[in-house]
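Read the structure below first, then the notes.
Residue numbers (my numbering), protein chains in the order written: chain A, 9 to 136; chain B, 9 to 136.
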């Protein structure tokens with residue numbers, strides 16, 4: 009088991025999902041049921057964090073596509089899924105929750121280095 | 009077949025997905041592959057439209073949860089899915105792409121009236 013939480017600040021924390029693909033989840037610390045229940049400024053920050061993760065995923069993994077989702081049906085606590093998708097992952101082009109189409113054939117770069125870059129980019133952003 | 013496109017302005021159009029649940033898709037007119045490829049101002053507008061739809065869905069249908077997703081793996085054209093979820097829909101609490109859990113038992117208010125309200129709210133917003 010690797011560490012689940014890769015980043016934390018006053019308002020958010022970021023966890024990785026155990027998966028064959030790079031998959032991060034951005035949580036608010038305060039509990040909100042819906043995105044629209046969040047204060048506007050905080051929601052702006054949530055999407056800025058999404059932006060940074062998307063950008064780092066694109067640069068580091070060169071994925072076929074980035075996927076993003078917000079469900080929270082089981083536990084109504086706002087969190088954004090950010091996933092890097094590849095043509096040879098098990099589900100592509102289906103969403104990760106849909107039917108599996110094949111055995112994955114992925115040779116991905118080191119994830120610890122990716123988390124390091126994400127954390128670095130988030131720190132740069134919060135200092136900027 | 010009802011009409012698919014319920015709204016259109018200079019930058020966006022909104023289509024309904026044929027589904028047992030209220031489900032709208034917000035498309036950009038210009039083609040962008042990733043959310044991060046959009047000009048910042050346009051992306052802000054995209055999430056403002058999401059906000060308005062979420063808000064109207066909550067008021068009109070009183071759903072258990074709103075779900076949101078952006079995939080575009082098949083056709084890389086930015087679009088946001090906005091779905092109203094109910095405890096008695098076929099998949100709850102699973103995402104709509106996941107395993108079906110039951111036969112839906114839904115008695116939803118008239119969808120044409122809902123679209124009317126969404127369009128009205130979007131027009132108010134663009135005038136405001």
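By construction, the Cβ of each residue, glycine as well, lies at the ideal position given by its N, Cα and C atoms.
Three or more pairs of CB atoms, one per stretch, sit closer than 8 angstroms, so the region 96-109 of chain B contacts the region 95-107 of chain A.
Taking C-beta separations shorter than 8 angstroms and ignoring five residues to either side along the sequence, the partners of residue 114 of chain A in its chain run 28, 29, 94, 96 and 97, following chain order.
Within the DSSP bridge table, the entry for residue 92 of chain B names B:74 as partners. Chain B places no beta carbon closer than 8 angstroms to that of residue 34 of chain A, leaving this residue out of the contacts. Of all residues in the region 89-101 of chain A, the ones placed with a Cβ closer than 7 angstroms to any Cβ belonging to chain B are 93, 100 and 101, in chain order. Across the structure, residue 50 of chain B and residue 12 of chain A are spaced so that their CA atoms are roughly 34 angstroms apart. Of B:47, B:37 and B:68, the smallest CA-CA separation from residue 118 of chain B is found for B:68. Between residue 87 of chain A and residue 41 of chain A, the C-beta spacing is not below 8 angstroms.
Of B:73, B:62, B:64 and B:45, the smallest CA-CA separation from residue 58 of chain A is found for B:45. The alpha helix (DSSP H) runs of length 4 or more contained entirely in the region 22-75 of chain A are, from start to end of the chain, 48-69.
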